[in-house]
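In full-length UniProt numbering, the protein residues as written are 1 to 217.
All residues carry an ideal CB built from backbone N, CA and C; glycine is no exception.
The block underneath contains the structure these notes are about, expressed in structure tokens.
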């Protein structure tokens, strides 16, 4: 799953980014949101690992239909990428300025509060986790549906040994043609009449129109 790989990669990068933003924990107004954001990123690992451990729908079967990844996985990947980009912006703004020295905590606090970044990122993280859980549920529902369909398919072992009605009709008519060819010219009409009677008997088996089976004189 390409999108799922992107999700896992983003989670790893987000965990690193959150560790580099320790100064945010010094801002009392966003301490709770920041702690919740870190917790959400950690718990997002749960549905991600669930998706990675789910059974493959069509393992090692190239002829089986291809199943696309649920769109909710792509949405989650996009949301996590946005969170990562925003955290990088926060980190870049609050980084040490080589010309003016370290940015003051007061300035950092004012900018973070004005942008309201942390609370918005928390909402995105929760949405991403919900989208991943939806993907897990959809995948499981698909697996259960396929298993149910497989269990309800009638057992057909040995049915290839049973001749079809068309095969029965063909065997009968081929035998009748041999009998007709062995008749004398004088008995031709009588043989034809008997052939028609035999073919009528085969109709009950084949279910086909007698016109298609009567040989020409």
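- Rounded to whole angstroms, residue 5 and residue 116 show a C-alpha spacing of 30 angstroms.
- Non-local C-beta neighbours of residue 81 in its own chain, meaning closer than 8 angstroms and more than five positions away in sequence, comprise 6, 10, ordered along the chain.
- The C-alpha of residue 18 lies about 7 angstroms from the C-alpha of residue 38.
- Counted as a single uninterrupted DSSP element, the alpha helix (DSSP H) harbouring residue 131 occupies residues 117-152.
- Here residue 73 is near residue 135, since their CB atoms are less than 8 angstroms apart.
- Burial state of residue 79 is buried, judged by a 10 Å Cβ sphere holding 16 or more other Cβ atoms.
- Relative to residue 85, the option among 3, 8, 14 whose CA is nearest is 14.
- Residue 110 sits exposed, since fewer than 16 C-beta atoms from the chains shown fall within 10 Å of its C-beta.
- Around residue 133, the same chain offers 47 as residues with beta carbons nearer than 7 angstroms, after the five sequence neighbours per side are excluded.
- Under a 10 Å Cβ-count criterion, residue 131 is classified as buried, with 16 or more other Cβ atoms of the shown protein chains found around its own Cβ.
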